[in-house]
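Enquirer: One structure is given below, represented as structure tokens, and several questions about it will come after.
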Amino acid sequence: MKTRFFACLVILLAILVTLPPYPALAAKAIVIGCPLSTGFPDGVDAERALRLAVEEINAAGGVNVAGENRPFKLEVMDTRDLEPGVPVSEALLTVEKLILGKGADFILGGPIRSEAALAAMDLIFRYKKVSIISAGVLTPAYHKRVAENYDKYKYCFRMTGNVVTEIRESVGILESIKAKHGFNKVFIMVQDVAHARAAGGKIKSMLEDKGWNVVGFEKYPTGSTDFSMGLLKAKGVGTQTLFYWFDMPEISILTKQWCDMKIEALPVGFGASMADSTFWDATGGKCAYWVNVWPRAGCVSSEAIPPATKFIKAYKGKYGVEPGVTWVSPVSYQAVYVLADAISRAGTIEPHKVIAALENTDLESVWGRTKFDRQSHQIIYSDDPLKGALTTWAQWLDGKRVVVFPPKIATTAIKLPPWMK
576 MKTRFFACLV ILLAILVTLP PYPALAAKAI VIGCPLSTGF PDGVDAERAL
626 RLAVEEINAA GGVNVAGENR PFKLEVMDTR DLEPGVPVSE ALLTVEKLIL
676 GKGADFILGG PIRSEAALAA MDLIFRYKKV SIISAGVLTP AYHKRVAENY
726 DKYKYCFRMT GNVVTEIRES VGILESIKAK HGFNKVFIMV QDVAHARAAG
776 GKIKSMLEDK GWNVVGFEKY PTGSTDFSMG LLKAKGVGTQ TLFYWFDMPE
826 ISILTKQWCD MKIEALPVGF GASMADSTFW DATGGKCAYW VNVWPRAGCV
876 SSEAIPPATK FIKAYKGKYG VEPGVTWVSP VSYQAVYVLA DAISRAGTIE
926 PHKVIAALEN TDLESVWGRT KFDRQSHQII YSDDPLKGAL TTWAQWLDGK
976 RVVVFPPKIA TTAIKLPPWM K
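Each residue of the sequence shown is one higher than the one before, starting from 576 at the first, in my numbering.
This is the structure in structure tokens:
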């Protein structure tokens, strides 16, 4: 009996010797706190992309911190900051819970709403936590605040764009269309909300300064389901280009009516739901020839940006769909890699050394190259993927989103609907 007992004990010890170290003995995780509005597509997309990047980095051994490989640990909490009527204070409380309750070493993702993110900047300073915005927050006030009070807000970085850049890019593609096709008449249709009205008004002014004839400007309340009168007006004044700016899903109705009425105007602009890879099926293919902007490259494949193709394949492999319900997926995915790169170069998670490393970031990314302005901590834009971050304009053709602008990443030229030829 004793012989059998000792034999079993020897076997058990042999098994224990061959097992990997107990998880508690593993390197301490670096905690990433993610304040996101998880009930909205922006929050869902950001969380998916963040998790994908963390899983990839951990599977590859983690982050090298002065010779020690440490894993990332993601902690996501709902800010509800995109929900109507929810006060900014709730988002701030969520950020504080992530820091004090979850032990976050860094803050990535949001808050997504501009007002909440601006308010959180003081909280980030209080706790001396490096933050990288990767979803929402398009107000220029964010990076201006960093530049104007660097010593206080140096912990805050932003990888999303801002509305000023998006407006400039919109004018850029319209100018390229004018140069190629001779179009100089534009009819503007926007959602009747502050950001869309402001964008439409600014684009109107800039185009008029460049010699365009703005032949109409129509505003539609959120939830509108009939755009036919505006389309008839556009047709009646002989417009050649239809510029749109909507974040409501009813833009699918606009695409259907434009197609059914055979409006002889090329649609170019921003439609949030149009970015979704399923939008073709949702409109029965009537979104064909619409040119839509993704404020950051990485949602649509381009041979000029190999990391984007790799990301899209990995995202679809994990979630079953291509990224693009919103444009925050590639930004949030890349944010984790940017942080990992900075920590590795800093050799520590100490905030001031990580800040210095982030300011010197020069990393090949899913949208081109990631570099930050050292004073404002805003990501640097370019129309060249070797020099900075790119906006992507893609056209719906034959059921796919195809990159058409800017030229250095375009895979085809913009095509006109057959009834315009």
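The C-beta atom is built at its ideal place from N, Cα and C for all residues, glycine as well.
Do GLY684 and SER951 have their CB atoms nearer than 8 Å?
Expert: No, Cβ-Cβ distance for GLY684 and SER951 is not below 8 Å.
Enquirer: Counting pairs of beta carbons, one from the stretch 773–784 and one from the stretch 801–815, are three or more of them closer than 8 Å?
Expert: Result no; under three Cβ-Cβ pairs closer than 8 Å.
Enquirer: Excluding the five sequence neighbours on either side, which residues of its own chain have a C-beta within less than 8 Å of the C-beta of TYR725, listed in chain order?
Expert: Excluding sequence neighbours, TYR725 sits near GLN950.
Enquirer: In chain order, what residues of the same chain lie with their CB nearer than 6 Å to the CB of GLY846, ignoring the 5 residues before and after it?
Expert: If we look at GLY846 and ignore the five residues flanking it on each side, its Cβ neighbours are PHE821, ILE826, ASN867.
Enquirer: Could you check if LYS996 is buried or exposed, using at least 16 other CB atoms within 10 Å of its CB as the buried criterion?
Expert: Exposed is the call here.
Enquirer: For GLY943, tell me which candidate among LYS928, VAL929, PRO960 has the shortest Cα-Cα distance.
Expert: Checking every option, the nearest Cα to that of GLY943 belongs to PRO960.
Enquirer: Quick check on the DSSP output: what are the complete beta strand (DSSP E) runs of length 3 or more inside the stretch 884–968, in order along the chain?
Expert: The stretch 884–968 contains these whole beta strand (DSSP E) runs: 938–940, 943–945.
Enquirer: Taking 6 Å as the limit between beta carbons, can you name the residues of its chain near TYR864, skipping five residues before and five after?
Expert: For TYR864, where only same-chain residues beyond five positions count, the Cβ hits under 6 Å are PRO992.
Enquirer: In chain order, what residues of the same chain lie with their CB nearer than 7 Å to the CB of GLN832, ignoring the 5 residues before and after it?
Expert: The answer, listed in chain order, is PHE802, SER803, LEU806.
Enquirer: Using the three-state DSSP reduction, which class does PRO842 fall into: helix, strand or coil?
Expert: In the structure shown, PRO842 sits in a strand (DSSP, three-state: E or B).
Enquirer: If you check the beta carbons only, do GLY540 and SER689 fall under 8 Å apart?
Expert: Not covered by the structure: residue 540. The range shown for the chain is 576 to 996.
Enquirer: Is LEU594 helix, strand or coil by DSSP?
Expert: Note on LEU594: pLDDT 45, under 50, position unreliable in the model; no value is reported.
Enquirer: Which runs of the beta strand (DSSP E), 3 residues or longer, sit entirely within the stretch 713–762?
Expert: For the stretch 713–762, whole beta strand (DSSP E) runs of length 3 or above, ordered along the chain, are 731–733.
Enquirer: Looking only at its own chain, which residues have a Cβ that is under 6 Å from the Cβ of ALA621, when we skip the five neighbours before and after it?
Expert: Answer for ALA621: LEU611, GLY684, ALA710, VAL903, SER907, listed in chain order.
Enquirer: Could you have a look at GLY775 and say whether DSSP puts it in helix, strand or coil?
Expert: Three-state DSSP puts GLY775 in a helix.
Enquirer: Quick one: measure Cβ to Cβ for ALA964 and ILE955, integer angstroms, because I've assumed they're closer than 8 Å.
Expert: Indeed they touch by this definition, with Cβ atoms about 7 Å apart.
Enquirer: Less than 8 Å between C-beta atoms, sequence neighbours within five positions excluded: which residues of the same chain meet that for ALA917?
Expert: Closer than 8 Å at the Cβ level, and outside the excluded window around ALA917, lie VAL929, ALA932, LEU933, THR936.
Enquirer: What does DSSP give as the partner residue(s) for TYR819 in the beta ladder?
Expert: In the DSSP output, where bridge partners are listed per residue, TYR819 has MET764, GLY844.
Enquirer: Taking the runs of the beta strand (DSSP E) that are 3 residues or longer, which of them lie wholly in the stretch 608–633?
Expert: Here no run is fully enclosed.
Enquirer: Name the two residues that bound the continuous beta strand (DSSP E) containing SER706.
Expert: Residues 705–708.
Enquirer: Once DSSP output is grouped into helix, strand and coil, what is the label at LEU649?
Expert: LEU649 falls in the strand class under three-state DSSP.
Enquirer: Which residue wins for smallest C-alpha separation from HIS770, given the options GLU750, VAL761, LEU782, ILE742?
Expert: HIS770 has its Cα closest to that of ILE742, out of GLU750, VAL761, LEU782, ILE742.
Enquirer: Quick check: THR816 and VAL843, are their CB atoms within less than 8 Å of each other?
Expert: Closer than 8 Å, so yes.
Enquirer: Between GLU643 and the rest of its own chain, which residues show a CB-CB distance below 7 Å, the 5 nearest in sequence each way excluded?
Expert: Here the set comprises ALA602.
Enquirer: Inspect the beta-carbon positions of TRP994 and GLU839 and report whether they are closer than 8 Å.
Expert: A contact, by the Cβ cut-off of 8 Å.
Enquirer: Can you tell which of ASP948, THR987, ASP973, GLN766 has the C-alpha that lies nearest to the C-alpha of THR967?
Expert: That would be THR987, whose Cα lies nearest to the Cα of THR967.
Enquirer: Pick helix, strand or coil for ILE828, following the three-state DSSP scheme.
Expert: ILE828 falls in the helix class under three-state DSSP.
Enquirer: Indicate the three-state DSSP secondary structure (helix, strand or coil) for ASN994 in the structure shown.
Expert: According to the sequence provided, residue 994 is Trp. The question's Asn does not apply to it. Three-state DSSP puts TRP994 in a helix.
Enquirer: Please state if the CB of TYR890 and the CB of LEU627 are separated by a distance shorter than 8 Å.
Expert: Their beta carbons are under 8 Å apart, which means LEU627 touches TYR890 by this criterion.
Enquirer: Alpha helix (DSSP H) containing TYR702: first to last residue?
Expert: Unbroken alpha helix (DSSP H) run through TYR702: 689–702.
Enquirer: Take the Cβ of ALA695 as the centre, count every other Cβ of all protein chains shown within 10 Å, and call the residue buried at 16 or more, exposed below.
Expert: Flag for ALA695 reads buried.
Enquirer: When you compare only the Cα positions, how much space is there between LYS672 and ASP680?
Expert: Cα to Cα, the separation comes out at about 12 Å.
Enquirer: Which two residues bound the contiguous alpha helix (DSSP H) that contains GLY642?
Expert: GLY642 -> no alpha helix (DSSP H), and no H or E assigned at all.
Enquirer: Out of curiosity, what's the CA-to-CA distance linking VAL670 and HIS718?
Expert: So the alpha carbons of these two residues sit roughly 20 Å apart.
Enquirer: Per DSSP, what are the beta-bridge partners of LYS975 in this structure?
Expert: Looking at the DSSP assignment, LYS975 forms a beta bridge with LEU972.
Enquirer: Can you tell me the Cα-Cα spacing of GLU783 and ASP958, whole angstroms?
Expert: Each residue's Cα considered, the two are about 24 Å apart.
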